[in-house]
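J.: One structure, pasted below without further comment.
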Amino acid sequence: MLGRRAHGTDRRARIVHLTKSGRKVITRVYADHAADMERLASASLTRAERKTLIRLLKKIGFEAAGALEQGEEARTA
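When the letters of the sequence shown are read in order and numbered with the working numbering, they come out as residues 963 to 1039.
Pasting the structure below:
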């Protein structure tokens, strides 16, 4: 499920990546997890609460993505 390959410029480093079968597993597991979370949210939260939760999680996700981008820019500068 994971593969390793040599780094292009640093002989000491190895790049770890998902193989095709690894991506299939991640896709399936994520779909199962998303369905489980939807069932749990539907059973325990009102529609308004679910909308609020989704909005807040998206806000956190966008903030995290921005922080990752800034980190990448700082590392490559």
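The beta carbon of each residue, even a glycine, is placed where N, CA and C say it ideally should be. Computed from a predicted structure; not experimentally measured.
Could you please give me the residues that DSSP links to Ile977 through a beta bridge?
T.: Here residue 977 refers to the residue found at position 15 when the sequence shown is read from its first residue. Beta-bridge pairing links Ile977 to Arg967.
J.: Give the DSSP-derived three-state secondary structure of Leu1007 in the structure shown.
T.: Locating residue 1007 in the sequence shown gives position 45, counting from the first residue. Leu1007: coil per DSSP, three-state reduction.
J.: Let me check understanding here. Comparing Cα to Cα, which of Lys986, Gly984, Ser983, Gly965 lies closest to Arg976?
T.: Numbered from its first residue, the sequence shown carries residue 976 at position 14. That would be Gly965, whose Cα lies nearest to the Cα of Arg976.
J.: Are the beta-carbon atoms of Met999 and Ser983 separated by less than 8 Å?
T.: Taking the first residue of the sequence shown as 1, we reach residue 999 at position 37. Taking the first residue of the sequence shown as 1, we reach residue 983 at position 21. Not in contact: Met999 and Ser983 (Cβ atoms no closer than 8 Å).
J.: Taking Leu1007 and Leu1019 to be in contact with their CB atoms under 8 Å, please state how far apart those CB atoms are, rounded to whole angstroms.
T.: The residue you call residue 1007 lines up with position 45 of the sequence shown. The residue you call residue 1019 lines up with position 57 of the sequence shown. Actually they are not in contact, since the Cβ atoms of Leu1007 and Leu1019 sit about 12 Å apart, beyond 8 Å.
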